[in-house]
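Student: Please read through the structure below; I'll follow up with questions.
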Amino acid sequence: MPTRAHEPRPRGHDDLRDRITHRNDFKAKERARLPKVEWAEQPAAIRIHNIREVPYAYTPDQARAEAIRCLQCKTEPCANACPVGVDVPVFLHLVAEGDFKGAIREIRKTNILPAITGRVCPQETQCQQNCAVAKVHKDLGFAVSVGKIEAFLADWEREQLGIELPAIAADTGKRIAVVGAGPSGLTCGADLRRLGHAVTIFEAFQKAGGVLVYGIPEFRLPKAIVEAEVDVLRRMGVTFEFDTVIGQTVTVDELFEEGFDAVYIATGAGLPYFMEIPGEQLNGVYSANEYLTRANLMGAYRFPETDTPVLRRDRIAVLGGGNVAMDSARTARRLGAKHVHVIYRRSHAEMPARHEEVKHAMEEGIQFHYLRAPTEILATQDGWARGVRVQVCELGEADARGRRKPIPVAGAFEEIAVEVVVEAIGNGPNPLIPKTTPGLEVTRHGTLVVDPKTMMTARRGVFAGGDIVAGASTVILAMGHGRQAAQAIHEYLQAA
Ligand SMILES: Cc1cc2nc3c(=O)[nH]c(=O)nc-3n(C[C@H](O)[C@H](O)[C@H](O)COP(=O)(O)OP(=O)(O)OC[C@H]3O[C@@H](n4cnc5c(N)ncnc54)[C@H](O)[C@@H]3O)c2cc1C
Numbered sequence: 155m156p157t158r159a160h161e162p163r164p165r166g167h168d169d170l171r172d173r174i175t176h177r178n179d180f181k182a183k184e185r186a187r188l189p190k191v192e193w194a195e196q197p198a199a200i201r202i203h204n205i206r207e208v209p210y211a212y213t214p215d216q217a218r219a220e221a222i223r224c225l226q227c228k229t230e231p232c233a234n235a236c237p238v239g240v241d242v243p244v245f246l247h248l249v250a251e252g253d254f255k256g257a258i259r260e261i262r263k264t265n266i267l268p269a270i271t272g273r274v275c276p277q278e279t280q281c282q283q284n285c286a287v288a289k290v291h292k293d294l295g296f297a298v299s300v301g302k303i304e305a306f307l308a309d310w311e312r313e314q315l316g317i318e319l320p321a322i323a324a325d326t327g328k329r330i331a332v333v334g335a336g337p338s339g340l341t342c343g344a345d346l347r348r349l350g351h352a353v354t355i356f357e358a359f360q361k362a363g364g365v366l367v368y369g370i371p372e373f374r375l376p377k378a379i380v381e382a383e384v385d386v387l388r389r390m391g392v393t394f395e396f397d398t399v400i401g402q403t404v405t406v407d408e409l410f411e412e413g414f415d416a417v418y419i420a421t422g423a424g425l426p427y428f429m430e431i432p433g434e435q436l437n438g439v440y441s442a443n444e445y446l447t448r449a450n451l452m453g454a455y456r457f458p459e460t461d462t463p464v465l466r467r468d469r470i471a472v473l474g475g476g477n478v479a480m481d482s483a484r485t486a487r488r489l490g491a492k493h494v495h496v497i498y499r500r501s502h503a504e505m506p507a508r509h510e511e512v513k514h515a516m517e518e519g520i521q522f523h524y525l526r527a528p529t530e531i532l533a534t535q536d537g538w539a540r541g542v543r544v545q546v547c548e549l550g551e552a553d554a555r556g557r558r559k560p561i562p563v564a565g566a567f568e569e570i571a572v573e574v575v576v577e578a579i580g581n582g583p584n585p586l587i588p589k590t591t592p593g594l595e596v597t598r599h600g601t602l603v604v605d606p607k608t609m610m611t612a613r614r615g616v617f618a619g620g621d622i623v624a625g626a627s628t629v630i631l632a633m634g635h636g637r638q639a640a641q642a643i644h645e646y647l648q649a650a
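Number 434 in the numbering used here belongs to position 280 of the sequence shown; there are no gaps in the numbering.
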């Protein structure tokens, strides 16, 4: 029997239907105490043998029951932390009421890629970090699962209704070239198209998505989902020119000569950093970029069905402790490696990777070697990698970013025997556009200098955003830049 509205409900009850039926009766205190709705995941022992997505999506009842936990704070601390300004409490309220169509429309007002951001955004350091429910519990793990609900809504829309196109203003007669089809270029292009401008996105690869297709693995972000979201831009009338490297095939100057009125540079940070230790030139040593691109974009999982192979060996070392390292290690496991060693020079607490990725990696049997700094990649006689020599470290004082520094322990070295080494220690901006475009100002890190309000570079009419400005950052920050630049380009063109 369902409880009647005026009857007290048992504390901590978790019947989803009951929670949905009584949603309007819960006082804020009770909402805050409702149990979080957990989602199911593929068991680790099974998922290491496939590349399917790890978490299962919320069901409609689960999404509603989770959204009911939102306290609808008037100050909207979650929304204020979103770089694209999604009105989180509004869409959660609509979900709680069962109005999924209204909720996804609310998200789409400011976020053109919700199925992607719902899956890959580091919500725990953005919207969910400021969640009042988490504050009540003094535990971030209790925050309302904003990302999981967002992904549910985007999937529900795509599967049940088809993705709705935004309204597009009358043609302005202005043409904008966007360089790079990653999340920043896609967002900027979509916003400009909505405002009635003609947009062409130039992309070096044969597919749109940037890191979303070549870096982030299928088991975290299915490529069919990226394609469906990119297809929205096509249906909006955005043109794509693939296999076109701006700065090589055509320069930015030539784009202006061809009649474009403004250019948005969103070429990302795709240049891998190396540790500069002996042995990096050996066979069997990859940058994470190459390793992941072979597996994801080039389909090396399916080699020889596809043309691109990647080395499949039993023992693999991944150097680094960020998301890219976790993606590489988990990819290696799925490519059949029995022993995958993540080698990181600080401790578990300092790892920059998302908690969820580290947890998944541990469940999948990845072995972590903390406080170990690689000093050399060891060679076989015929020039292949055979191991990594590491310096044992201990934690010292905090650095400028508040992370404790690794200090070498005198004379303490170890060797880890592996056959393949993947370096995942970070990426820098691609220098091609800065080198071939006169008038741009470039920092010593190779990023482009822009006006932080307008995203315009030192050169009039040339705007930039995403990782090429921020350095290796996040999908949502790159999208936020794209939105900001689109508005500024619109104003620039109106004033011209
Ligand atoms: C393996 C990996 C995992 C990550 N995981 C996450 C995550 O879980 N969550 C998260 O928020 N962030 C993650 N990131 C970071 C995030 O993906 C980036 O911050 C984001 O993609 C940057 O977007 P962007 O549009 O600026 O650049 P990119 O996504 O890099 O896109 C740039 C595009 O420009 C193209 N291009 C480059 N030069 C040229 C040229 N000269 N002419 C034409 N086209 C060009 C490139 O081919 C690319 O398609 C990850 C990064 C990596 C590498």
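Note that the Cβ used here is the ideal one computed from N, Cα and C, for glycine as well.
Counting Cβ pairs, one atom from each stretch, are 3 or more of them under 8 Å apart for the stretch 530-541 and the stretch 590-601?
Tutor: Verdict: no, contact absent.
Student: For the beta strand (DSSP E) containing I570, list its first residue and its last residue.
Tutor: Unbroken beta strand (DSSP E) run through I570: R558 to A571.
Student: Cα-Cα, which of F245, R348, L246 and T421 is closest to D325?
Tutor: Ranking the options by Cα distance to D325, first place goes to R348.
Student: Tell me, which residues are paired with T393 by DSSP?
Tutor: In DSSP, T393 forms a bridge with T354.
Student: What are the boundary residues of the alpha helix (DSSP H) that includes A515?
Tutor: Residues H509 to E517.
Student: I'd like to know whether the C-beta atoms of R469 and A571 end up nearer to each other than 8 Å.
Tutor: Yes.
Student: If you measure from the CB of N581, is any heavy atom of ligand 1 nearer than 7 Å?
Tutor: Because some heavy atom of ligand 1 lies under 7 Å away, the Cβ of N581 counts as near it: yes.
Student: How is L532 classed by DSSP in three states: helix, strand or coil?
Tutor: If DSSP states are grouped into helix, strand and coil, L532 belongs with the strands.
Student: Rounded to whole angstroms, what is the Cα-Cα separation between S482 and C275?
Tutor: Straight-line Cα distance between these residues: approximately 18 Å.
Student: Tell me whether T628 counts as near ligand 1, meaning its Cβ is closer than 7 Å to at least one heavy atom of that ligand.
Tutor: Within the cutoff, so yes.
Student: For N443, does the count of other Cβ atoms within 10 angstroms reach 16, so buried, or fall short, so exposed?
Tutor: N443 should be labelled buried.
Student: Go ahead and label V191 buried or exposed: buried means 16 or more other beta carbons lie within 10 angstroms of its beta carbon, across all protein chains shown.
Tutor: V191 comes out buried.
Student: Quick check: what's the CA-CA separation for L451 versus P588?
Tutor: Using only the alpha carbons, I get a separation of about 26 Å.
Student: Taking all protein chains shown into account, decide if D293 is buried (16 or more other Cβ within 10 angstroms of its Cβ) or exposed.
Tutor: The residue is exposed, with fewer than 16 neighbouring Cβ atoms inside 10 Å.
Student: Is it true that the CB of E517 sits closer than 8 Å to the CB of R487?
Tutor: It is not a contact, given that the beta carbons lie outside the stated cut-off.
Student: Which whole-angstrom value is the C-beta distance of I497 and V542, which I expect to be below 8 Å?
Tutor: Yes, they are in contact, since the Cβ atoms of I497 and V542 sit about 6 Å apart, within 8 Å.
Student: Return the CA-CA distance between L267 and F567, expressed in angstroms with no decimal places.
Tutor: Looking at the two C-alpha atoms, the distance is approximately 46 Å.
Student: Just list the residues that DSSP pairs F617 with in beta bridges.
Tutor: According to DSSP, which records beta bridges pairwise, F617 is partnered with Y418 and M610.
Student: Answer with buried or exposed for H203, where buried requires no fewer than 16 other C-beta atoms within 10 angstroms of its C-beta.
Tutor: Exposed, by the Cβ-count rule.
Student: Given 7 Å as the limit, tell me if E357 has its C-beta closer than that to any heavy atom belonging to ligand 1.
Tutor: Yes, the Cβ of E357 comes within 7 Å of a heavy atom of ligand 1.
Student: Are the CB atoms of T608 and G625 nearer to each other than 8 Å?
Tutor: No; because the gap between Cβ atoms is not below 8 Å, this pair is not in contact.
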